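J.: Numbering (the UniProt record's numbering), first residue to last: 1 to 154. No residue lacks a Cβ here, since even glycine has one placed at the ideal position from N, Cα and C. None of the values given here were measured: they were computed from a predicted structure. Please read through the structure below; I'll follow up with questions.
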Amino acid sequence: MQVDSYAYLPPNQDHYFKCDASASLVAFERRYAYLENHVTEQIVGSTDKQPLLETPGEVFELRKLLPTSLPYDFNIHIMDFQPGEFLNVKEVHYNQHGLLLLEGQGIYRLGDSWYPVQAGDAIWMAPFVPQWYAALGKTRTRYLLYKDVNRSPL
Ligand code: UGY
Ligand code: MN
């Protein structure tokens, strides 16, 4: 795996990581929510090879790292904001998020609290927490966002 690449490992797949130089690795480890007659497959990819997706009503650039099909019970979004750009919608939704700010800086609003954030910061957003972001630095913001999908939240 190179810089910017990623892997998805299906549940119960034996694996190990070996690295010959110093590197940072972000791992999302979670219990898989099975669906009858659906299986996931191992994926190895790279962010810059993922297509830009439509974001109606929004200005940020969006890429998804996993297929959006039913077998996959979460996705990872890569979101890019140019300086001064912000979420048009103050979102409230059942999905929870884990966010890692990869580049840039800005302000994250969670409910009625406002947090200055910069590259390296991580945020967990519980279900239904109102959320909003504005990129305030001189360089682009890129963040990586975990989102649970395709399963009933109940
Ligand atoms: O897809 C999302 O829920 C995403 N737009 N949320 C966020 O950036 N806080
Ligand atoms: Mn969201």
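1. Considering only the beta carbon of each residue, do residue 122 and residue 99 sit closer than 9 angstroms?
2. Given a threshold of 16 other Cβ atoms within 10 Å of its Cβ, counted over all protein chains shown, does residue 149 qualify as buried or as exposed?
3. Per DSSP, what kind of secondary structure is residue 40 in: helix, strand or coil?
4. Around the C-beta of residue 41, are 16 or more other C-beta atoms found within 10 angstroms, so that it is buried, or is it exposed?
5. Going by C-alpha distance, which of 77, 91 and 74 is nearest residue 130?
6. With DSSP as the reference, please indicate the residues paired to residue 31 in a beta bridge.
7. Run the CB neighbour count on residue 115, radius 10 Å, all protein chains shown included, and call it buried at 16 or more, exposed below.
8. Report the option in 52, 21 and 11 whose CA atom is closest to the CA atom of residue 30.
9. Closer than 8 angstroms: is that where the CB of residue 133 sits relative to any heavy atom of the ligand ZN?
10. Could you name each continuous beta strand (DSSP E) segment of 3 residues or more that falls completely within the segment 42 to 76, going from the start of the chain to the end?
11. Would you identify the three-state DSSP class for residue 130, choosing helix, strand or coil?
12. For the ligand UGY, I want to know if residue 38 counts as a neighbour, meaning its beta carbon is within less than 8 angstroms of at least one of the ligand's heavy atoms.
13. Report the start-end ranges of each beta strand (DSSP E) in the UniProt domain "Cupin type-2" (78 to 144) that is 3 residues or longer and not cut off at the edges.
T.: Let me spell this out:
1. yes
2. exposed
3. coil
4. exposed
5. 91
6. Answer by DSSP bridge pairing: none, since residue 31 is not bridged.
7. exposed
8. 11
9. This structure lacks the ligand ZN; its bound ligands are the ligand UGY and the ligand MN.
10. 43 to 46 and 61 to 64
11. coil
12. no
13. 97 to 103, 105 to 110, 113 to 118, 122 to 125 and 131 to 135
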